[in-house]
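Going by my numbering, the sequence shown opens with residue 250, and the numbers climb by one from there. Note that the Cβ used here is the ideal one computed from N, Cα and C, for glycine as well. Note that the structure is a prediction, hence the values are computed from the model and not measured.
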Amino acid sequence: MLALEESQQALSEDEVPIGAVIVKDGLVLARAHNQRVARQDPTAHAEILALREASEKLKNWRLVGCTIYVTLEPCPMCAGAIQQARIARLVYGIADPKAGAAGSVMNITDEPRLAHRLRITSGLEEDKCRAQLNTFFKRLRLRE
250 MLALEESQQA
260 LSEDEVPIGA
270 VIVKDGLVLA
280 RAHNQRVARQ
290 DPTAHAEILA
300 LREASEKLKN
310 WRLVGCTIYV
320 TLEPCPMCAG
330 AIQQARIARL
340 VYGIADPKAG
350 AAGSVMNITD
360 EPRLAHRLRI
370 TSGLEEDKCR
380 AQLNTFFKRL
390 RLRE
């Protein structure tokens with residue numbers, strides 16, 4: 250999964266290892282990893298950066314027919330942006346029981362009061378995604 254390569258890049262840059270890839274019709278439109286520390290930007294999540302790149306490529310904020318692959322269940326900000334971009338499908342590796350907004354804590358992506366809903370698949374490469382996050386947080390604890 251290309252999103253795992255992106256999250257590995259984040260891990261090597263000492264960022265929370267989350268990667269995102271957006272695909273349409275079998276073609277990769279965008280790929281990104283968390284860059285909050287590097288950019289000093291609280292919105293520089295992998296999903297947001299990938300959405301921006303895909304929108305620029307398609308010259309359209311509507312990403313109809315696209316699938317986004319993410320290593321961790323999106324937070325409320327990212328789930329909202331994915332929903333607003335009209336992404337057709339979200340595939341993620343592991344659930345986020347603390348901040349997940351695609352079914353764990355809340356479900357912005359399937360909110361019936363919003364105009365768009367998307368299909369969700371979870372558990373793709375779950376063990377590898379979890380291992381990267383565990384590695385990051387173990388390193389963080391060792392520094393404290």
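Query	Result
Coarse secondary structure for threonine 358, derived from DSSP in three states	helix
Rounded distance between the beta-carbons of glutamate 296 and alanine 348, thought under 8 Å	13 Å between Cβ atoms; not a contact.
Proximity winner among Ser371, Met355, Leu251, relative to glutamate 272 (alpha-carbon distances)	The sequence given here places valine at residue 272; glutamate does not occur at that position. Minimum Cα distance to valine 272 is reached at Leu251.
Cβ shell of valine 340 (< 6 Å), same chain only, five flanking positions each side left out	Tyr318, Thr370, Leu373
Assumed close pair aspartate 345, leucine 321 - CB separation to whole angstroms, cut-off 8 Å	6 Å
Beta-carbon gap between alanine 279 and glycine 268 smaller than 8 Å	no
First through last residue of the alpha helix (DSSP H) which encompasses leucine 253	251-261
Where valine 286 falls, given that 16 or more other Cβ within 10 Å makes a residue buried	exposed
Separation of proline 291 from glutamate 360, as counted between CA atoms	25 Å
Beta-bridge pairing of threonine 370 - partner residues as DSSP gives them	Val340
Beta-ladder partner(s) of isoleucine 271, from DSSP	Ala279, Ile317
Distance between beta carbons of alanine 328 and alanine 299, contact taken as under 8 Å	Rounded, the Cβ-Cβ distance is 14 Å, inconsistent with contact.
Among Leu307, Arg390, Gln257, nearest to isoleucine 336 - alpha-carbon criterion	Leu307
Leucine 276, buried or exposed, once every other Cβ within 10 Å from all chains shown has been counted against 16	exposed
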